[in-house]
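Line order of the protein sequences matches chains A, B, C, D, E and F. Quick note: the first sequence, position 19, residue 19 per the working numbering, numbers continuous. Quick note: the second sequence, position 26, residue 1026 per the working numbering, numbers continuous. Quick note: the third sequence, position 115, residue 2115 per the working numbering, numbers continuous. Quick note: the fourth sequence, position 206, residue 3206 per the working numbering, numbers continuous. Quick note: the fifth sequence, position 10, residue 4010 per the working numbering, numbers continuous. Quick note: the sixth sequence, position 60, residue 5060 per the working numbering, numbers continuous. The beta-carbon is built from N, C-alpha and C at its ideal position, and this holds for glycine as well. All values derive from a computational prediction rather than experimental measurement.
Number of protein chains: 6
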Amino acid sequence: MHGTSQLAGGGVWEDVVNVIRKYGVVPTSVYSGLCYGLENHNHAELDAVIKAYADALIKGKVLTTAWKEGLNGILDAYFGEIPKTFEYHGKKYTPESFRDMLGLNMDDYVCLTSFTHHPFYTWFAMEVPDNWAGYPAYNVPQKEMLDTTVGALDKGYAVWWGSDVSESGFVYNSGIAFNIPETITTEEGTELSKWADVKTNQRAEMVKKMLKGLIAEREYTQAERQLAFDNYETTDDHGMLLTGLAVDQDGHKYFKVKNSWAESGIYKGYFYASYPFFVYKTTEVAMHKDALSKELKARLGYN
Amino acid sequence: MHGTSQLAGGGVWEDVVNVIRKYGVVPTSVYSGLCYGLENHNHAELDAVIKAYADALIKGKVLTTAWKEGLNGILDAYFGEIPKTFEYHGKKYTPESFRDMLGLNMDDYVCLTSFTHHPFYTWFAMEVPDNWAGYPAYNVPQKEMLDTTVGALDKGYAVWWGSDVSESGFVYNSGIAFNIPETITTEEGTELSKWADVKTNQRAEMVKKMLKGLIAEREYTQAERQLAFDNYETTDDHGMLLTGLAVDQDGHKYFKVKNSWAESGIYKGYFYASYPFFVYKTTEVAMHKDALSKELKARLGYN
Amino acid sequence: MHGTSQLAGGGVWEDVVNVIRKYGVVPTSVYSGLCYGLENHNHAELDAVIKAYADALIKGKVLTTAWKEGLNGILDAYFGEIPKTFEYHGKKYTPESFRDMLGLNMDDYVCLTSFTHHPFYTWFAMEVPDNWAGYPAYNVPQKEMLDTTVGALDKGYAVWWGSDVSESGFVYNSGIAFNIPETITTEEGTELSKWADVKTNQRAEMVKKMLKGLIAEREYTQAERQLAFDNYETTDDHGMLLTGLAVDQDGHKYFKVKNSWAESGIYKGYFYASYPFFVYKTTEVAMHKDALSKELKARLGYN
Amino acid sequence: MHGTSQLAGGGVWEDVVNVIRKYGVVPTSVYSGLCYGLENHNHAELDAVIKAYADALIKGKVLTTAWKEGLNGILDAYFGEIPKTFEYHGKKYTPESFRDMLGLNMDDYVCLTSFTHHPFYTWFAMEVPDNWAGYPAYNVPQKEMLDTTVGALDKGYAVWWGSDVSESGFVYNSGIAFNIPETITTEEGTELSKWADVKTNQRAEMVKKMLKGLIAEREYTQAERQLAFDNYETTDDHGMLLTGLAVDQDGHKYFKVKNSWAESGIYKGYFYASYPFFVYKTTEVAMHKDALSKELKARLGYN
Amino acid sequence: MHGTSQLAGGGVWEDVVNVIRKYGVVPTSVYSGLCYGLENHNHAELDAVIKAYADALIKGKVLTTAWKEGLNGILDAYFGEIPKTFEYHGKKYTPESFRDMLGLNMDDYVCLTSFTHHPFYTWFAMEVPDNWAGYPAYNVPQKEMLDTTVGALDKGYAVWWGSDVSESGFVYNSGIAFNIPETITTEEGTELSKWADVKTNQRAEMVKKMLKGLIAEREYTQAERQLAFDNYETTDDHGMLLTGLAVDQDGHKYFKVKNSWAESGIYKGYFYASYPFFVYKTTEVAMHKDALSKELKARLGYN
Amino acid sequence: MHGTSQLAGGGVWEDVVNVIRKYGVVPTSVYSGLCYGLENHNHAELDAVIKAYADALIKGKVLTTAWKEGLNGILDAYFGEIPKTFEYHGKKYTPESFRDMLGLNMDDYVCLTSFTHHPFYTWFAMEVPDNWAGYPAYNVPQKEMLDTTVGALDKGYAVWWGSDVSESGFVYNSGIAFNIPETITTEEGTELSKWADVKTNQRAEMVKKMLKGLIAEREYTQAERQLAFDNYETTDDHGMLLTGLAVDQDGHKYFKVKNSWAESGIYKGYFYASYPFFVYKTTEVAMHKDALSKELKARLGYN
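Structure, rendered in structure tokens:
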């Protein structure tokens, strides 16, 4: 696309689905992808060199035939060469046969979202940079998105969750994500430094009060949810895994979320996202067809 | 798309089709779009301010609700406000009713292309920046693309033509576009200035010889056509109108092309594109369904 | 000026004076200028798009005639169209007639400053970017600037105050602005990060001590005031309103200042600026002619 | 001005006037200003380092007290130190006493211009970047500007001339400057390279025809002159000296112009500017008060 | 070098040695180098203007002969002109004669380092930007580098120390530098802001525990030391002076370090660097030949 | 070097020498290095991606261990993997054994230069970006450099030649390189476009006259040669091969030069460089020790 499409480390749920469908899957023990001297995944340098490499290419007027192999040369250096066959628990597999052995049918997974700039109960491609390939998601009202997700966890299914984690209310170190009401919204453009201090202080105090239960969490309507997306407040930041449901001593309901940031934070890699936060800040959820409600399953033509 | 999609003055044929389908059409005499002090269209300044305006928006973290109206404010300043109703030859119209009066059914137009990175006789969205909206074109072998286009002109249909005009062989001032064989392809990266002179001289001599008929035009295979697209040699430059067929004194065949660059060049706004140039450098052609061959019409499900 | 003059959201007191003189004034209830979805003024996005729009224009070699109307299109989108007539308390006004009804004679306002790079008791245009239009201010010794301002407030006049608010001693959240003595002035260029921590810590401690009254405030001479302006330490940051005088339990004197940052800080939108801070950091003050001392009024030719 | 004013090698006529008034003048034989290894003036490197030095300063938050002396250090290196006293034809002078000996009274020079965005017969500061200091010029109708200039040369006075030399009609190598009519004004933003060739060819042909006298020169009205200034077509490029009047074999009238580009072009450093070019493209002219018409002298209060 | 070598305020120990050898030395009381209005050294502005000046020069295609004198003009403005002769304690000196009077023989100083990408007991030029001139250092095992430095201080010699001070364990305000073990090394590129908070918190806790003696300091092997240099973790940040040895109540050993950051931190300009920190983070040490061990002195050919 | 050294496609003669010495050499028929779809060498894209890749790395704070292998991945994609063994004319070789079979002793080659900023008859590392590794050349007077080179060709040795080919006098398409006298050296910084035309015209005329033998070639002294290097006029552009000597009909002497720009120009890849051009514009020559004069061979310690 001559540089007019995003090239970055991120992607969406469907990228994973699509790759497994097309190429299969390999156990981590066989292919860790860690050939760059660290014990955990950190793609900062890889992302930087891939982007630089591609940007240099598109500045040229004419491309050679070697660029794709050069790109693979970089990827192989950081991840290792992809195994064509491998042994696992005494048996020999290809990535494809391993996927089939696991019984993964990628067509059984469905991605839900909830916005009003497209009609409900239709498919549309979410307009976010990470969705560079234009994968469609199925659009439902926010209440149905919540209920379906809760229902899925109730049935014992884990749910993939795409959300915005650059919010003031995403207090990861305290193991919680909730909606913080903001009272001051004015910001004069020219005196930013002093004024930014004022706002940062106010937010920090708000978080403290929220953690002590002194302020009720704010709930947002479907229209407010839409506005936050339209005006770039809600961004497509991070993908995590919903693994359970929880209720606190005051009766507030949460999803238990498994994060990929090692064993950090007070819950050692897990945290709790409130239902209102989920409703306001979810970009997409993805789950197995059997995790859906009957009605939704029918609408989507699964049997 | 937070800036990861193209925003520029250009677009593709289907943009026009789509706008007429959605909003209708207005006669030039009613709405010239020339509110900026020039007698002919020149969007350089408009393109620049629109891009700057949008780039400034996406740098912000949060958008206001006024940006869209501000954008319209700019467009209205350069083009004038779009007429909701207007009179034409004594009758009153809306853009929609004018389109209907003209008998334009936008679903009757089809766009053809010819590349091998997708199967022939399938639809795919050409991967060029101007095709920002992902409109699909129908993929046929290059010979069929040529034959269909010749056939359409034979039947009296004009054909929209998207092509690459930044080629050495696009000798607009001489009123001709053909394929120039290049013999020197070496280019040492470090001594560019002197070496570029060598190449420019050689190309200019080649053009002179071509114009005198001293060298035969080069024809390219489907594979070479594909390579030129893959390696950025063929770019999606410009849309024009094929209005006729022509043969020169040596029997070479040409399309007569109507350009939008005023009455310039030796043919006052027209020029001739050779069949081999058309085959090698066409990105897309678009025509009315009735201009297609019977076979293609059938394949595409038109009756 | 082809981009060699400042275009930004800021301006100086005289810009307001001049606009009211030329175009009149409108009550906020009639024209809030808030058409962009926020409840309070935040011009960050507007400033960004205006700047981008203008920068794109000046890069072009030739301008069209539509650019000014495009600019107005943006302004109208964010502020709304300026009312030509409006009703207020049952009467109909134009902006001009409303100004006249209010009895505002813009020639009755005068702007004072105090610097030594121009002679005292002469007018000169302050050399700061926001003074893009070259408005002159009247130059007096710093003591006279202080005394005149105190005198104006004593007589019951509010005073417009332009000052530098990006100082360590501008402790807005604590509701105070005073001069903090800095003892360490060394800063080795190459080890910035660590060294900056050292300085930040030291300043924070100094502020704490000042707030507890453990350190006396530093007073600056006219020469030191000049140096701070000459070497870019004093910048033309922000305009506020002086609304009263105050004395603390230790006898230190302050101006009560009304800020435009909503009801923030411990005094809900107000704070106290010490006299020494005022003397050191004021760029300009503006007041009604009747608020001036007799002598100054005479010097300026007011009767 | 923190970088919001122009710093460049250029300036306006009044800069010269002002410097002589303030500091005096020195003969070239005493102070050539050529201390950088060339035999003629070329300030490219000096301009670049001065701009870079100043840009680096304004990026800092606080200035030291040494920057001005550092700037002088650079200037002294390229120009040499300014002589405080010097001997000339056996007598000793200071720059001031030399100016006085020459009988130069800088208040005797006046600068004329002709635009309609300010009233005629008033002074205004031309809004061009080189006029960074806001010097005013006296505004007269374009015909009066022409007549006064012709009158001055008739009386034997040389006239300083500020004009736009980046025009197609400024054919310096052929020793002439005239107005070339342009017929094609369209320019589609997206296909620039090919289209630019078309325009360049057309202009070159137009120049050839003009030189052969095949096309009449275009004359412009005061309104067209204004438009060319407003839309950045007329720029404040270059200062030269009008030294005489000339008529060609067809009766067209010209100013003889002395340029500062060494003995270049067919007239060895001189060229001829047509009256219509002068009328259309002059930004300012400057002359001695005694060169003015009686009426203008009176209007300006000279006796 | 046309800009392909570093030009910055920093340098290495040998730059000092070399300048004294070539030009001599002057007492601070005679030549403070403080001509820019500050009481202590701060080269930020000077570095910026020197870099800008040089960058502007290398962009030109051809240089004039004045640039070097212009550079000296800047340096003289900030530092003052270098004294050719001066009086000190009643005697007259040149810089050279003053150096000789002090008995400084610059060939008596030697610089040690310890890396494995060159053989031990050979000289090599450290590949760091500040070593722009390619000065060689003598390579010894890290244990020998430590022992030699301790031995030198034992004998009463001060030792110059080049080290990396941008480490988390360089806790200057607490007066200590030690190695902090890091446990979390994962960092996902795309969610930087939140994740960075997690890491910063963890580091801060680690520092607190270290300061309370709750965690043992980590020691690094020669191979780990090398890796930190190879992968840019160890950088050539800052030069200081080792002036003594110390042991804390738990028996841990330290160098007492004199810093040049005024009387800052809890030890008023001094701090303590642990032996393990020294071993891991030293880039170079330099000392007098008589401070070396007998063996090393012999190896280096000193008698 | 953290980006403070040059990384580019170019290098110096000694790079080739050094690589053969260290790794051996392989026949072109075995390893063409052309794996990127072109028939001749064009490293533009490769240079661009390598530079981008490295620039991205040095922006990171810490490097992974995979970067070097990623770099090799790119190189292998464009050049192919380096053969460890290969067959040539029926025999099996390694690169090292092939070099030895050829009888190449890289220590037998010597590089000469001629500048006065280092003493003659000493070695120094030429201060040009391509000499990133600091290889030394042997410094001789320019006459001796010429005589030695002529002597070498007389004895039948080809001579490697590093020279500046971005000169006006390097008229490659006409097959000649000579020194063109320039008469106009003035260039006013502000009116570049018009003035540049003047200079370009003048140079083109000078070249025409030179080609017709109407002007004598200019010869430069050692001091002028030095100045051209010092002020960036002479740059280290291109390496070629001197293969013979020639004299024209007027007795002017030339080197016959073999270029690497395919069979271009009127001599199909060859051209003639005049002795004065060689003397003025040579940066370095390299030849076999046996091609040297007896005296030079002795000075250099060859037997």
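Continuous beta strand (DSSP E) stretch holding residue 3274(D): start and end: The residue you call residue 3274(D) lines up with position 274 of the fourth sequence. Per DSSP, residue 3274(D) belongs to the beta strand (DSSP E) from 3270-3274.
Proximal chain F residues relative to residue 4005(E), where beta-carbon distance stays under 8 Å: The residue you call residue 4005(E) lines up with position 5 of the fifth sequence. Ordered by position in chain F, the residues that pass the 8 Å Cβ test against residue 4005(E) are 5004 and 5005.
Where residue 2012(C) falls: helix, strand or coil (DSSP): Here residue 2012(C) refers to the residue found at position 12 when the third sequence is read from its first residue. Note: residue 2012(C) maps to coil in three-state DSSP.
Alpha carbon of residue 15(A) to alpha carbon of residue 134(A), nearest angstrom: Residue mapping note: residue 15(A) aligns to position 15 of the first sequence, counting from 1. Residue mapping note: residue 134(A) aligns to position 134 of the first sequence, counting from 1. Separation of residue 15(A) and residue 134(A) (C-alpha to C-alpha, rounded to the nearest whole angstrom) is 10 Å.
When 4138(E), 4021(E), 4042(E) and 4077(E) are compared against residue 4095(E), the one with the closest alpha-carbon: Residue numbering aside, residue 4095(E) sits at position 95 when the fifth sequence is read from its first letter. Among 4138(E), 4021(E), 4042(E) and 4077(E), the Cα nearest to that of residue 4095(E) is on 4021(E).
Short-range partners of chain C found in the segment 1016-1040 of chain B, where Cβ spacing is below 9 Å: Residues 1035, 1036, 1037 and 1038.
Within-7 Å CB hit, residue 1070(B) to chain C: Reading the second sequence from its first residue, position 70 is the one you call residue 1070(B). Chain C contact via Cβ: present.
Cβ pair count under 8 Å reaching 3, the segment 1004-1012 of chain B against the segment 1060-1072 of chain B: no
Contact set between the segment 1275-1290 of chain B and chain G, restricted to residues whose Cβ is under 9 Å from the partner: Considering every chain present, this structure includes no chain G. Its protein chains are A, B, C, D, E and F.
Residue 1276(B), buried or exposed, once every other Cβ within 10 Å from all chains shown has been counted against 16: The residue you call residue 1276(B) lines up with position 276 of the second sequence. Under this definition residue 1276(B) is a buried residue.
Neighbouring residues, chain C, relative to residue 1073(B) (Cβ below 9 Å): The sequence position of residue 1073(B) within the second sequence is 73, counting from 1. The answer, in chain order, is 2069, 2070, 2071, 2072, 2073, 2074, 2075, 2076 and 2077.
DSSP three-state assignment for residue 4210(E), whether helix, strand or coil: Stepping through the fifth sequence from its first residue, residue 4210(E) is reached at position 210. In this structure, residue 4210(E) counts as helix in the three-state DSSP scheme.
N-terminal and C-terminal residue of the alpha helix (DSSP H) that residue 5163(F) is part of: Within the sixth sequence, residue 5163(F) is the residue found at index 163, counting from 1. Careful: residue 5163(F) lies outside any alpha helix (DSSP H), inside the beta strand (DSSP E) at 5159-5163.
8 Å contact criterion, which residue 4161(E) and residue 4257(E) should meet: CB distance rounded: Taking the first residue of the fifth sequence as position 1, residue 4161(E) is located at position 161. Taking the first residue of the fifth sequence as position 1, residue 4257(E) is located at position 257. Contact flag correct, Cβ pair sits at about 7 Å.
Beta carbon proximity, residue 1129(B) to chain A, threshold 7 Å: Residue 1129(B) sits at position 129 when you count from the first residue of the second sequence. Yes, residue 1129(B) lies at the interface with chain A (some Cβ there is under 7 Å from its Cβ).
Per-residue contacts from residue 3109(D) into chain E (C-beta, under 7 Å): To locate residue 3109(D), count along the fourth sequence from 1; it is residue 109. Going along chain E, no residue has its Cβ under 7 Å from residue 3109(D), so there is no contact; the nearest lies around 32 Å.
Assigned secondary structure, residue 5284(F) (DSSP; H/G/I helix, E/B strand, else coil): Residue mapping note: residue 5284(F) aligns to position 284 of the sixth sequence, counting from 1. The three-state reading of DSSP puts residue 5284(F) in strand, counting E and B together.
Extent of the continuous beta strand (DSSP E) run through residue 4242(E): If you number the fifth sequence from 1, residue 4242(E) lands on position 242. For residue 4242(E), the enclosing beta strand (DSSP E) has its first and last residue at 4238-4247.
Contacts around residue 176(A), its chain only, beta-carbon distance under 7 Å, and the 5 residues preceding and following it disregarded: Taking the first sequence and counting its residues from 1, the one referred to as residue 176(A) is at position 176. The answer, listed in chain order, is 271 and 272.
CB contact below 7 Å: residue 3165(D) versus chain C: Your numbering for residue 3165(D) matches position 165 in the fourth sequence. Output row for residue 3165(D): interface = no.
Inter-stretch contact at 8 Å, needing at least 3 Cβ pairs: the segment 2204-2222 of chain C / the segment 2262-2271 of chain C: Touching, no, given that fewer than three Cβ pairs across the two stretches are closer than 8 Å.
The segment 3109-3118 of chain D in contact with the segment 4097-4116 of chain E per 3-pair CB rule at 8 Å: no
Where the alpha helix (DSSP H) through residue 5294(F) begins and ends: Looking up residue 5294(F) in the sixth sequence gives position 294. Run containing residue 5294(F): 5294-5299, per the alpha helix (DSSP H) assignment.
Limits of the unbroken alpha helix (DSSP H) element including residue 4067(E): As a working note, residue 4067(E) is residue 67 in the fifth sequence. Its alpha helix (DSSP H) spans residues 4067-4079.
Terminal residues of the beta strand (DSSP E) in which residue 253(A) lies: Along the first sequence, one-based indexing puts residue 253(A) at 253. Residues 253-258.
Sub-7 Å separation of residue 3012(D) and residue 3105(D) beta-carbons: One-based indexing of the fourth sequence puts residue 3012(D) at position 12. One-based indexing of the fourth sequence puts residue 3105(D) at position 105. No, they are not a contact pair.
Proximity of residue 2200(C) and residue 2236(C) at Cβ, strictly below 7 Å: For this step, residue 2200(C) is matched to residue 200 along the third sequence. For this step, residue 2236(C) is matched to residue 236 along the third sequence. No, the pair does not count as a contact, with Cβ atoms beyond the cut-off.
Bridge partner(s) assigned by DSSP for residue 1091(B): Counted from its first residue, the second sequence places residue 1091(B) at position 91. DSSP lists 1088(B) as partners of residue 1091(B).
Span of the alpha helix (DSSP H) around residue 1053(B): In the second sequence, counting from the first residue as 1, residue 1053(B) sits at position 53. It spans 1044-1059 - the alpha helix (DSSP H) in which residue 1053(B) sits, taken as one unbroken run.
Bounding residues of the alpha helix (DSSP H) (the contiguous stretch that carries residue 4229(E)): Position 229 of the fifth sequence holds residue 4229(E). Residues 4222-4230.
Rounded straight-line distance, which links the Cα of residue 5066(F) to that of residue 4230(E): Your numbering for residue 4230(E) matches position 230 in the fifth sequence. Your numbering for residue 5066(F) matches position 66 in the sixth sequence. The straight-line gap from Cα to Cα measures roughly 12 Å.
Proximal residues to residue 2079(C) (C-beta, below 7 Å), its chain only, five neighbours per side dropped: Your numbering for residue 2079(C) matches position 79 in the third sequence. By the criterion of a C-beta distance shorter than 7 Å, residue 2079(C) is surrounded in its chain by 2033 and 2035, once the five residues flanking it on both sides are discounted.
Nearest neighbour of residue 1301(B), chosen from 1123(B), 1207(B), 1250(B) and 1247(B) [CA to CA]: By 1-based counting over the second sequence, the position of residue 1301(B) is 301. Among 1123(B), 1207(B), 1250(B) and 1247(B), the Cα nearest to that of residue 1301(B) belongs to 1123(B).
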